[in-house]
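Scroll down for the structure; my scribbles are underneath it.
Number of protein chains: 4
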Amino acid sequence: MPPAGEGAKKAAKRGILERLEAGEVVIGDGGFVFALEKRGYVKAGPWTPEAAVEHPEAVRQLHREFLRAGANVMQTFTFYASDDKLENRGNYVGEKISGQKVNEAACDIARDVANEGDALVAGGVSQTPSYLSCKSEKEVKTIFHKQLEVFVKKNVDFMIAEYFEHVEEAVWAVQVLKESGKPVASTMCIGPDGDLNGVPAGECAVQLAKAGADIVGVNCHFDPFVCLKTLKLMKEGLEAAGVKAHLMIQPIAYLTPDCGHQGFIDLPEFPFALEPRVVTRWDIHKYAREAYNMGIRYIGGCCGFEPYHIRAIAEELAPERGFLPEGSEKHGSWGAGLDMHTKPWVRARARKEYWQNLKPSTGRPYSASLSVPDAWGVTRGDADLMQQKEATTEQQLKNLFQKQKQKSETTA
Amino acid sequence: MPPAGEGAKKAAKRGILERLEAGEVVIGDGGFVFALEKRGYVKAGPWTPEAAVEHPEAVRQLHREFLRAGANVMQTFTFYASDDKLENRGNYVGEKISGQKVNEAACDIARDVANEGDALVAGGVSQTPSYLSCKSEKEVKTIFHKQLEVFVKKNVDFMIAEYFEHVEEAVWAVQVLKESGKPVASTMCIGPDGDLNGVPAGECAVQLAKAGADIVGVNCHFDPFVCLKTLKLMKEGLEAAGVKAHLMIQPIAYLTPDCGHQGFIDLPEFPFALEPRVVTRWDIHKYAREAYNMGIRYIGGCCGFEPYHIRAIAEELAPERGFLPEGSEKHGSWGAGLDMHTKPWVRARARKEYWQNLKPSTGRPYSASLSVPDAWGVTRGDADLMQQKEATTEQQLKNLFQKQKQKSETTA
Amino acid sequence: MPPAGEGAKKAAKRGILERLEAGEVVIGDGGFVFALEKRGYVKAGPWTPEAAVEHPEAVRQLHREFLRAGANVMQTFTFYASDDKLENRGNYVGEKISGQKVNEAACDIARDVANEGDALVAGGVSQTPSYLSCKSEKEVKTIFHKQLEVFVKKNVDFMIAEYFEHVEEAVWAVQVLKESGKPVASTMCIGPDGDLNGVPAGECAVQLAKAGADIVGVNCHFDPFVCLKTLKLMKEGLEAAGVKAHLMIQPIAYLTPDCGHQGFIDLPEFPFALEPRVVTRWDIHKYAREAYNMGIRYIGGCCGFEPYHIRAIAEELAPERGFLPEGSEKHGSWGAGLDMHTKPWVRARARKEYWQNLKPSTGRPYSASLSVPDAWGVTRGDADLMQQKEATTEQQLKNLFQKQKQKSETTA
Amino acid sequence: MPPAGEGAKKAAKRGILERLEAGEVVIGDGGFVFALEKRGYVKAGPWTPEAAVEHPEAVRQLHREFLRAGANVMQTFTFYASDDKLENRGNYVGEKISGQKVNEAACDIARDVANEGDALVAGGVSQTPSYLSCKSEKEVKTIFHKQLEVFVKKNVDFMIAEYFEHVEEAVWAVQVLKESGKPVASTMCIGPDGDLNGVPAGECAVQLAKAGADIVGVNCHFDPFVCLKTLKLMKEGLEAAGVKAHLMIQPIAYLTPDCGHQGFIDLPEFPFALEPRVVTRWDIHKYAREAYNMGIRYIGGCCGFEPYHIRAIAEELAPERGFLPEGSEKHGSWGAGLDMHTKPWVRARARKEYWQNLKPSTGRPYSASLSVPDAWGVTRGDADLMQQKEATTEQQLKNLFQKQKQKSETTA
């Protein structure tokens with residue numbers, strides 16, 4: 001294998017479609033909001049990306065780590081950077097910083113780091129509170145247009161419409177992004193059960209491709225292995241409809257065999273007690289291999305994916321790609337670096353068979369394997385989902401606590 | 001509660017002993033080698049800190065995150081930066097970079113970031129391959145002296161001799177560091193069973209204090225709750241001997257109820273499949289409270305502690321300290337920030353009772369709660385523990401794989 | 001509710017179809033081979049019922065316990081009492097005792113105990129080694145005829161063809177049993193995936209009903225909740241085909257969420273380490289209620305069902321039936337009898353909410369929740385499935401151990 | 001190995017002390033109240049043995065099964081057959097049947113079955129509600145005297161004072177039983193933490209031996225491995241005090257690593273959801289071997305021990321004893337009988353290595369490994385422990401439910 005990064009440099013800066021059409025593997029980056037929440041720069045709850053303005057060095061460093069891990073795409077840190085989200089439920093960002101400023105700062109950082117290696121910049125939009133509040137197509141599209149203006153001005157390399165629970169809104173997003181003339185990828189945060197309006201996964205893929213998405217797939221909400229099932233349905237749907245699109249997958253790094261159709265936000269552990277569910281690098285090796293074998297070529301991660309998870313994708317697929325990522329200079333494949341460990345019994349773990357077969361214990365004897373997910377079963381149009389500018393009131397919270405108590409008693 | 005950081009600034013830059021003698025809480029930082037391994041800058045196996053020279057921006061960013069999370073101490077990233085370690089088993093650092101350069105770079109970064117807030121710089125030394133290889137007291141002390149020279153030149157605020165499995169070597173380290181005239185803290189990576197030569201925990205504490213350590217305790221190898229048990233024994237030992245010392249605790253962020261006396265390196269999951277054992281922020285709240293109640297005032301973390309874990313210490317003890325860390329501007333205490341979440345059932349989790357009582361599921365139905373630890377039972381003097389400059393050979397590895405197989409068959 | 005047993009006596013001795021057509025609940029008995037294995041009278045491996053001859057008092061006592069628990073059917077203890085099974089792989093029964101003698105003794109015991117209460121006697125046949133060895137329809141039917149002769153001579157009340165993995169063989173059994181002119185029930189030991197030749201569950205039900213079975217359903221191999229899923233498919237299949245049959249369910253008392261399509265014999269724990277999977281009486285309450293709600297009226301159990309499990313069916317459905325079983329004189333519904341316990345905290349458990357919501361811990365921190373089942377994927381016609389009169393040889397066993405090792409390495 | 005039972009018959013009917021002094025293994029029987037509760041003849045809550053009068057055939061059958069499994073002792077089914085218990089909290093037995101009648105019937109059945117093989121009859125007494133209610137020594141001893149009268153009249157072979165939580169009461173029982181002139185064994189239901197008044201386990205053993213017990217040890221409340229720990233302490237206590245006594249162990253068949261000092265009655269699963277904790281026969285092999293190695297020669301079981309568990313003791317110690325129990329004619333040691341199984345992958349399990357190393361899964365992914373035990377911390381003298389003749393009232397129950405709720409909230 002050539003020295004890390006050598007192969008990568010040769011291939012630099014070809015477009016996303018050029019790569020995919022050549023059958024190359026494109027490695028996505030990992031999840032920014034979760035990683036930066038743990039680092040202290042993003043607030044769980046609103047999950048908005050004002051850190052691009054407030055702490056650019058922290059955002060830049062995370063981009064660099066993903067680049068070093070092997071990512072070929074720097075997604076602008078613009079998740080939930082729509083104006084209606086930045087001012088939702090007491091969030092100050094819309095007022096103090098402005099959505100435009102956040103989007104611009106995110107583009108600049110992504111471009112700076114992308115220039116340090118073989119990565120493209122992708123401008124990203126995601127689902128809006130406006131849609132959940134039943135605003136019109138025109139109103140929702142206006143939201144997307146605002147972000148698109150920045151992406152065009154900053155000349156990102158391609159677009160991603162990601163994290164949509166309803167294909168209707170995702171199609172609107174794709175239609176807006178297509179106006180840029182740039183390639184468009186679109187991923188939904190759905191599982192094998194389909195979107196929240198009941199549209200099957202295969203049909204979602206077809207609608208997105210027909211709306212103009214060059215690349216379709218899923219991101220977020222489900223673990224790698226559940227997402228692979230959804231991708232299988234999407235692939236079959238596209239084939240049945242005779243519609244072509246590249247496939248893309250960016251799952252979360254938390255195991256979710258027990259999720260309902262709204263994914264990990266339904267798990268009682270979301271978002272502050274997901275630790276025992278974090279996937280290991282070896283889980284990622286398995287995921288990357290299966291994704292590759294299914295014909296998926298855009299393979300990345302979402303919430304919970306740390307740089308070492310992305311590196312594991314790059315290491316698993318190194319034989320196909322012909323090179324290792326830079327970050328592998330600090331990582332022996334399949335634990336090989338342990339041959340330098342002081343303790344002999346740890347050196348004895350320096351091999352693939354050991355890690356591949358290990359079923360890791362949890363250290364939590366009072367915890368179960370699976371949870372009963374919350375399943376309030378509400379979506380677009382439900383009163384509790386309406387956006388509001390003012391902070392959630394005490395009374396609103398009390399009402400929710402009450403509902404929570406009732407539902408858990410019914411389930412038990 | 002005053003705005004984050006206000007109280008902190010007023011108390012800035014008083015010495016470590018001044019603070020502890022006033023009964024203040026001193027918050028330590030988290031674990032550098034594990035965090036930077038996940039970010040792609042440290043190699044698991046040698047675990048050496050050459051990133052201070054190779055990627056200073058990554059080290060600086062991690063320091064900043066711990067500072068922002070509330071840490072009052074920036075430990076120089078000099079773990080395993082002794083010359084004998086930097087050239088052990090094929091490690092190139094000693095040769096290409098030199099131990100001196102690594103130690104100096106680490107001191108500079110730590111000081112830069114410490115100056116950005118209310119933090120002190122601590123120069124750290126740790127156990128040496130030389131001791132395990134039965135080198136003489138003089139030879140081992142020479143190793144420590146080399147690092148000490150840098151710390152004195154760079155004028156760190158105090159010294160930490162940490163991560164010792166044998167109190168004999170720890171005492172040697174303390175004796176060397178005391179020569180600087182600066183305050184000395186010393187922590188051992190032992191559990192309630194005592195050191196690897198069989199010296200009880202209480203007796204270890206007494207020996208360290210008698211050797212001149214102003215602060216004694218434990219770091220690494222065991223989870224917060226096991227470490228609290230060890231601290232209890234140390235405290236009782238000191239009281240029984242009528243010896244005074246401040247208490248310090250820096251556990252790992254992995255649950256280890258099943259560890260033997262060598263700690264988490266004995267667990268089959270070490271170091272690449274520990275994910276399911278990661279503690280939540282709520283586990284840390286419990287830990288910080290219990291540590292405080294036991295009279296421990298230097299409270300931090302080690303391997304696995306990410307910035308949000310350190311922030312949880314600062315948030316739990318905010319009532320006692322009178323202020324919140326800067327990082328809490330992006331974190332509602334006990335999940336309060338979730339009142340801004342889009343989904344109503346997640347908003348319903350915005351309260352202490354919810355998170356305090358949750359027993360998080362693992363998502364791993366094929367995994368058990370506990371592991372049978374490796375227990376090779378070898379320590380100082382064992383042939384397999386001897387340091388060697390050249391890389392571990394294929395044949396050496398094969399012999400170890402063989403031993404591993406035999407031992408696991410015996411245990412089962 | 002009338003005193004235990006009063007209601008039962010009034011309804012005594014009406015035929016099985018008369019009861020089912022009136023919409024009454026018919027409670028089956030539990031599993032004889034597993035219960036008697038634990039009591040020391042049946043050998044795991046051959047699982048043959050010679051105890052009917054060798055230790056009739058033990059068989060009689062178990063019948064009595066099921067009767068007392070509320071069972072309305074005494075199945076003759078003739079499971080695997082076909083001549084080809086009684087002499088398979090070194091089994092001595094065929095030679096020393098004869099199949100006829102075993103079948104007759106079993107009929108006599110069942111009738112004796114049935115006469116002590118409101119129970120019918122059902123003569124039972126089950127799948128044969130001959131079928132697995134690809135013997136002809138005629139040969140297999142001859143086996144069934146031999147057992148049928150005894151049942152007719154002993155004048156049992158109705159017939160059950162149970163524990164069939166292939167609907168083809170089950171249909172042959174039904175055809176033979178129908179010759180008696182008595183009602184015939186037929187259950188297969190299949191899960192939602194259908195029979196081992198790939199015939200879907202719904203189609204199996206239809207074929208059985210068309211062959212003349214008055215009652216169809218499943219027994220053995222899967223837990224109550226998996227069996228309910230299979231029954232749902234059978235019910236839907238019958239409805240779609242416009243074919244009428246009563247529904248019957250007799251699951252095992254071991255939880256099997258992780259089973260493949262051959263059921264619990266594929267689990268690594270079968271048959272000697274299934275203990276942690278045993279269902280509680282409260283699991284049975286849930287099962288009985290769901291079975292009733294689905295329209296199933298013949299509700300019983302199979303392997304692992306002890307008398308207290310059968311009693312739990314009778315207690316859950318007591319409101320519908322109007323009476324409690326005799327055995328309830330020693331059982332307070334939903335734990336009510338605990339109000340007589342000496343310890344106050346146990347008295348506090350004397351209520352439905354407590355037991356209904358409890359998720360019982362296992363006391364096994366080194367065990368996982370789920371197993372990876374053996375999945376050799378062989379069935380009828382495979383060389384290893386051929387019947388042989390002589391005992392399995394050492395060499396045959398060694399070959400199997402070898403296969404086992406290879407398969408587990410592939411799976412891992 | 002000689003045919004099952006041959007060796008046993010030769011050794012028949014020598015006294016308990018004669019056997020133990022010769023170093024022979026004496027195998028106890030299993031738990032009657034739990035086994036008969038599952039069979040429908042004992043009511044959980046009062047746990048009284050009126051079945052000896054009401055359903056003698058069921059009691060006789062269970063005795064026979066234990067005999068067949070290898071038990072050398074038939075304990076009279078007189079647990080909780082003291083007059084004060086038979087009329088406690090609404091129990092009708094004292095009034096309708098009388099304690100004397102129950103005790104006499106139990107003696108007769110035990111003798112009948114003992115005569116069928118090589119077993120002795122032991123008359124058993126256990127702790128009294130009177131002691132918990134702070135009755136005087138004289139009053140409590142009167143209770144024991146009443147049972148003793150029956151045992152003397154029926155001429156049992158030796159006496160067992162078992163299931164005592166307080167050594168004070170156990171000593172009283174031993175003193176009464178010694179008046180008979182027969183050998184006396186005494187076991188307490190305590191764990192390594194000692195008795196409920198805080199007397200250490202070792203000291204308990206010494207007091208019992210000094211009071212005249214020829215055999216001392218533990219029964220009930222804890223699993224085999226916890227009981228072995230207690231026995232170790234007892235053995236050390238006896239040795240330290242220079243007091244001689246034979247050792248005896250009769251643990252429960254439920255794994256209880258998470259028990260507090262009151263044992264399994266504190267577990268939330270007691271008594272109706274203990275199923276997932278049931279030990280396998282292979283756990284028993286391990287237990288029997290360790291007990292033997294520790295020098296214990298009276299090895300049996302208590303609650304949860306079914307005949308096959310007792311047989312596992314006899315099979316594990318067959319090499320030392322020179323013979324297998326009768327019940328082994330239906331059991332191949334270490335799974336050997338599986339070589340007659342139809343399915344090849346089950347035949348592949350016919351070997352010791354397979355079963356010895358298996359960690360059985362639970363099939364319960366929503367359940368944890370360990371429970372937080374109830375720990376009300378009340379004992380003798382507490383108002384809620386006072387005996388009362390009338391049934392527990394609704395209001396009393398409500399008060400207890402309230403306490404339960406409060407305690408569980410405090411623990412969480």
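Chains as they are written, first to last, in UniProt numbering: chain U, 1 to 412; chain V, 1 to 412; chain L, 1 to 412; chain B, 1 to 412.
Think of the CB as a built atom: it goes at the ideal place given N, C-alpha and C, for glycine as much as any other residue.
Taking the Cα of ILE97(L) as reference, the smallest distance to any Cα among PRO49(L), SER130(L), ASN72(L) is reached at PRO49(L). Here VAL171(B) really is in contact with LEU208(B); their C-beta atoms are around 7 Å apart, less than 8 Å. Taken atom to atom, the span from the alpha-carbon of SER82(U) to that of ARG39(U) is near 23 Å. Assigned with DSSP and collapsed to three states, MET386(L) falls in coil, not helix or strand. With 16 or more neighbouring CB atoms inside 10 Å of its own CB, GLN250(U) falls in the buried class. In this structure, ALA69(U) lies near ALA314(U), with their beta-carbon atoms less than 8 Å apart. For a cut-off of 8 Å, the C-beta gap from GLU320(B) to VAL25(B) is around 6 Å, short enough to register as a contact. Close to LYS359(B), with beta-carbon spacing below 8 Å, are these residues of chain V in chain order: ALA368. Taking CB atoms only, PRO365(U) has a neighbour in chain L less than 8 Å away. At a beta-carbon threshold of 7 Å, the residues of chain U lying near GLN61(V) are GLU57, ALA58, GLN61, ordered along the chain. Beta-bridge partners of PHE158(L) (DSSP): ALA122(L).
Under the Cβ distance rule, ALA173(B) does not count among the residues neighbouring chain L, no pair being separated by less than 8 Å. Contact annotation for TYR287(B) against chain L: no contact, minimum CB-CB distance about 14 Å [criterion: below 8 Å].
A Cβ-Cβ contact shorter than 8 Å links ARG89(U) with GLN388(U). Taking 4 residues as the minimum length, the alpha helix (DSSP H) runs contained wholly in the segment 318-345 of chain U are 318-321, in order along the chain. Among the residues facing chain L, GLY191(B) is not included, as its CB has no counterpart in that chain under 8 Å away. At a cut-off of 8 Å between C-beta atoms, VAL372(L) counts as an interface residue with respect to chain V. Within the segment 245-301 of chain U, the complete beta strand (DSSP E) segments of 3 residues or longer fall at 246-250, listed in chain order. Here GLU394(U) is exposed. Its C-beta has fewer than 16 other C-beta atoms within 10 Å. Contact check for ALA58(U) and LEU36(U): beta-carbon distance about 7 Å, within the 8 Å limit, so the pair qualifies. Closer than 8 Å to the CB of PHE225(U) there is not a single CB belonging to chain V.
GLU275(U) has its alpha-carbon roughly 6 Å from the corresponding atom of PRO276(V). In the structure shown, GLN75(L) falls within a strand segment according to DSSP collapsed to helix, strand and coil.
For THR362(V), the secondary structure class from DSSP, reduced to helix, strand or coil, is coil. GLN388(V) is outside the set of residues whose beta carbon lies under 8 Å from a beta carbon in chain U. Here the segment 363-382 of chain B makes no contact with the segment 292-307 of chain L; the two share fewer than three CB pairs at distances below 8 Å.
Linking TYR308(B) to HIS285(B) through their CA atoms gives a straight-line distance of about 11 Å. The DSSP-derived three-state label of ILE215(L) is strand. Distance between GLU54(U) and ALA106(V), taken at the CA atoms: about 26 Å.
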